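**Student:**
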Amino acid sequence: MARVYINYKLLKKKVNRYTQQIQVGQQDRPYILKDFARMVDDQIERIVLFLLEQQGALASRLSDLGEQHDVLLQQQDESRICEL
Numbered sequence: 001m002a003r004v005y006i007n008y009k010l011l012k013k014k015v016n017r018y019t020q021q022i023q024v025g026q027q028d029r030p031y032i033l034k035d036f037a038r039m040v041d042d043q044i045e046r047i048v049l050f051l052l053e054q055q056g057a058l059a060s061r062l063s064d065l066g067e068q069h070d071v072l073l074q075q076q077d078e079s080r081i082c083e084l
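Here it is, written out as structure tokens:
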């Protein structure tokens with residue numbers, strides 16, 4: 001299973017690295033903000049995709065269970081008719 005959580009440890013490492021880069025003048029703030037925003041977006045997108053996959057799996061399972069329920073109700077009704 002893929003990681004389905006926000007990797008705060010990775011984000012914290014990046015923030016520390018960005019801080020060092022700003023202090024030594026290696027990178028400018030707009031670039032760092034854009035890069036960090038992209039990283040956070042990627043983390044969130046991965047989680048959202050996982051949740052959508054799970055939602056689809058649950059919807060499919062519910063549909064299957066609904067069909068099974070309908071079949072059982074129909075069988076039960078048929079057995080009641082035979083008893084009459």
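Residue numbers (UniProt numbering): 1 to 84.
Note that CB positions come from ideal geometry on N, CA and C, so glycine has one too.
All values derive from a computational prediction rather than experimental measurement.
#1: Keeping to the same chain, check which residues put their C-beta closer than 6 Å to that of Ile6; ignore five residues upstream and five downstream.
#2: Does DSSP classify Ile6 as helix, strand or coil?
#3: Are Val15 and Ile47 touching if we call contact CB-CB under 8 Å?
#4: With the cut-off set at 8 Å, would you say Gly36 and Tyr18 are in Cβ contact?
#5: Which runs of the alpha helix (DSSP H) fall wholly inside the UniProt domain "SPX" (1–84) and span at least 4 residues, in chain order?
**Tutor:** In short, the structure shows the following:
#1: Setting aside the 5 residues that flank it on each side, Ile6 is surrounded in the same chain by Gln43, each with a C-beta closer than 6 Å to its C-beta; the list follows chain order.
#2: Residue state, collapsed to three classes: coil.
#3: Between Val15 and Ile47, the CB-CB gap reaches or exceeds 8 Å.
#4: A small correction: the amino acid at residue 36 is Phe; Gly does not occupy that position in the sequence shown. Yes; because the gap between Cβ atoms is below 8 Å, this pair is in contact.
#5: As far as the UniProt domain "SPX" (1–84) is concerned, its whole alpha helix (DSSP H) runs of at least 4 residues are 8–23 and 29–83.
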